[in-house]
Amino acid sequence: MPAAAETSRRPTTSARPLPYGGSGSAARMNEAAGHPLRTPQLPQLSDIERARFHSVTTDSQHLRPVRPRMPPTEGASPLRRSTALRPYRDVLSQWQRHYNADRNDWHSAWRQANSNNPQIETRTGRALKATAYLLEDATQPGRVALELRSVPLPQFPDQAFRLSHLQHMTIDAAGLMELPDAMQQFAGLETLTLARNPLRALPASIASLSRLRELSIRACPELTELPESLASTDASGEHQGLVNLQSLRLERTGIRSLPASIANLQNLKSLKIRNSPLSALGPAIHQLPKLEELDLRGCTALRNYPPIFGGNAPLKRLILKDCSNLLTLPLDIHRLTQLEKLDLRGCVNLSRLPSLIAQLPANCIILVPPHLQAQLDQHRPVARPAEPGRTGPTTPILSSPGASNRARASSSATTTTELLRAVALELNKVALERIEDTAQAMLSTVIDEERNPFLEGAPSYLPGRRPADATTFGQVPVLRDMLAESRDLEFLQRVNDMAGPSPRIEDRSEEGLSRHYTEVSNWKAQKSAHLGVVDHLGQFVYHEGSPLDAATLAKAVQMWKTRELIVNAHPQDRARFPEFAVHIPEQVSDDSDDEQPTSPEPSGHQ
């Protein structure tokens, strides 16, 4: 070949300096800077741009020799990092072939997680293809969320940096065995939900998600610990790591303890560790400056709650429900000066209440198991609702010797109207919590227990195990009645009123747009939380012929919750939406409300 022809085929680089030296590159860079001895300024990149730049340049074909492409082999072959930046579709195709052939570990976990969902695609090849389609679609401009539910994702394909723009990610029942080691490729994430996956560990690099606000991990029992360094403080006092994390939820995991770095999560507001083998909790938890909610329900290995000491956490909700082996509460529990709710129901081995529990805020709702009720009544006054049938304003009944003196002192500064308003607010708060707790228990019955809470005895809805006469909505009286209600125009108007108008964009900053996206998602969920949803053809999605399965019954639970919220806001609607009996198995403790509370209950909403 002539030299001229060979030269013409080479890529030209004269229009830009070589990135890592080369003939004349330093001179050209200094000339661009305007002075032969002046060091040029480096570009300032955001976290997302830096992750994308790193991944693209290290895979660039200009920096690495291009190896000849090997022909595909039969069966599974190890996934290798590409030497050139191949099209993402090619990467996904290789990923599909590999996991279609190699089904060790992940495949059985994926099938088991979806065993109660007959609507999923069970042919592995087609299911992997569906995952690849969703991943490729998520790389498109304008996409901010990736939701993979019941489709297989044993691990992420190569070139995960293509998803660096995503803000929200949910991976549910996907057989996910591990996350990428380089989690900084997802630097834009603000919410991350991992549910029903065989995860054994989280990579240390998850601490690089500095924008993450919510992290939820549910039903991952093989996950036994969190990374040691979730957040830290450097020599200059700057916080690093998950600096914006506000909500951390660990439910039905294998977590036994928390790393010491949990105390560095300066923006954490809600920490929920439910139904996990957590056995110890350090007093540093009370040093979190913004922690408002600590929920440890169902942590049966927990024996002692730590002392408060000089903690400054503005804790408002402390839930220790069903911590059946809890033996002690801290003597200085009164230092939780902003506490609004303390739930000790199900703490059957807790024998004594600290005397200083009497000094908790007067508006704090304290719920205890029956054997501790007498102690609680001795330590502090208990406000009780009026007996059924009694008319006139409800007045708190004071059950401690010094209660009358406190009541007289209080009455000098509080009018009767203000007292009644405060009682009404407390009653409404308790009613809303009762609705939420019951709905969560019903959902747990459907998802975790695979049972139908709308039939007496909560029988299984799975084929072969359910009653022969209950296979569709039309064969369950409660569901049939709720279907009719969902077609009622007044009901739909109540739903629209409760949801309110569509959220408007008030702040076009990146944070404002993200907040708007969350508000719109919540608004849409509220408007569709019933059985009257229609498809694009105007046909009702749910009807008397709808089968009883996890998805349809979960939607029925939403409908139940919506109608109860409507009645709570408009008590006169109870005649139109009568109360339905629901059936929750005794073993379902997650958010259940199987004991009578010691605080005021709205007698009309039971």
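By the count of full-length UniProt numbering, the sequence shown reaches residue 606 at its end, each step adding exactly one. All C-beta atoms, glycine included, are put in the ideal place defined by N, C-alpha and C. Model, not experiment: these values are computed from the prediction.
Looking at the secondary structure, which residues open and close the alpha helix (DSSP H) in which residue i lies?
| i | result |
| --- | --- |
| T131 | T124 to A138 |
| E490 | L489 to A499 |
| D377 | Q373 to H379 |
| I329 | Ile is not the amino acid found at residue 329; the sequence shown has Leu there. L329 -> no alpha helix (DSSP H), and no H or E assigned at all. |
| L513 | E510 to K527 |
| residue 608 | The displayed coordinates of the chain run from 1 to 606. Any statement about residue 608 would go beyond what the structure contains. |
| H98 | Y88 to A101 |
| S486 | P477 to S486 |
Report yes if the C-beta distance between residue i and residue j is below 8 Å; otherwise report no.
| i | j | result |
| --- | --- | --- |
| E136 | L92 | yes |
| L443 | A554 | yes |
| L176 | L199 | yes |
| L296 | I319 | yes |
| K272 | L250 | yes |
| Q287 | K316 | no |
| A439 | V541 | no |
| L360 | L336 | yes |
| T253 | L223 | yes |
| I255 | L278 | yes |
| P453 | H583 | yes |
| S205 | D172 | no |
| T139 | Y88 | yes |
| L189 | Q167 | yes |
| I333 | L350 | no |
| V567 | F577 | yes |
| A219 | R196 | yes |
Mark residue i as exposed unless 16 or more other C-beta atoms lie within 10 angstroms of its C-beta, in which case mark it buried.
| i | result |
| --- | --- |
| G125 | exposed |
| E586 | exposed |
| F309 | exposed |
| A235 | exposed |
| K321 | buried |
| D488 | exposed |
| K341 | buried |
| P401 | Unreliable positioning characterises P401 in this predicted model, as indicated by a pLDDT of 40, which lies under 50. The coordinate reading is nonetheless provided below. It is exposed - the Cβ of P401 has fewer than 16 other Cβ atoms within 10 Å. |
| T12 | Low confidence applies here, because T12 scores a pLDDT of 41, under 50, leaving its location unreliable; read the following figure in that light. Exposed is the call here. |
| G311 | buried |
| P71 | Caution applies to P71, whose pLDDT of 49 falls short of 50 and renders its modelled position unreliable; the model cannot decide the point. |
| H536 | exposed |
| S514 | buried |
| K524 | exposed |
| Y133 | exposed |
| Q61 | Only weak support is given to the placement of Q61: the predicted model assigns it a pLDDT of 41, under 50, and the value that follows is read from those uncertain coordinates. Q61 is exposed by the Cβ-count criterion. |
| V534 | exposed |
| S261 | buried |
| A431 | buried |
| I505 | exposed |
| residue 647 | Within the shown structure, residues of the chain are numbered from 1 to 606, placing residue 647 beyond reach of any answer. |
| D90 | exposed |
| Q119 | exposed |
| H379 | buried |
| Q184 | buried |
| E564 | buried |
Check for me: the beta strand (DSSP E) holding residue i runs from which residue to which?
| i | result |
| --- | --- |
| H239 | H239 to G241 |
| H168 | H168 to D172 |
| A195 | T191 to A195 |
| A145 | A145 to R149 |
| E449 | That residue, E449, is in no beta strand (DSSP E); it is neither H nor E in DSSP. |
| R274 | S270 to R274 |
| E293 | E293 to D295 |
| S232 | A231 to T233 |
| R317 | R317 to I319 |
| D343 | K341 to D343 |
| L367 | I365 to L367 |
I'd like to confirm the pairing. Which residues does DSSP put opposite residue i in its beta bridges?
| i | result |
| --- | --- |
| R563 | Answer is none; R563 lacks a bridge partner. |
| R218 | A195 and E251 |
| E534 | Looking at the sequence shown, residue 534 is not Glu but Val. V534 is bridged to F540. |
| N349 | Answer is none; N349 lacks a bridge partner. |
| T445 | Looking at the DSSP assignment, T445 forms no beta bridge with any residue, so it has no partner. |
| N304 | T328 |
| P547 | T472 |
| S460 | R451 |
Using 8 Å for Cβ pairs, my map puts residue i next to residue j. What's the rounded Cβ distance?
| i | j | result |
| --- | --- | --- |
| P369 | V348 | 6 Å |
| R211 | A231 | About 13 Å separates the two Cβ atoms, so there is no contact after all. |
| L291 | L248 | No, L291 and L248 are not in contact; Cβ-Cβ is about 10 Å, not under 8 Å. |
| G474 | G545 | 6 Å |
| N264 | L245 | Between L245 and N264 the Cβ distance is about 10 Å, and since that is not below 8 Å, they are no contact. |
| L462 | N116 | 6 Å |
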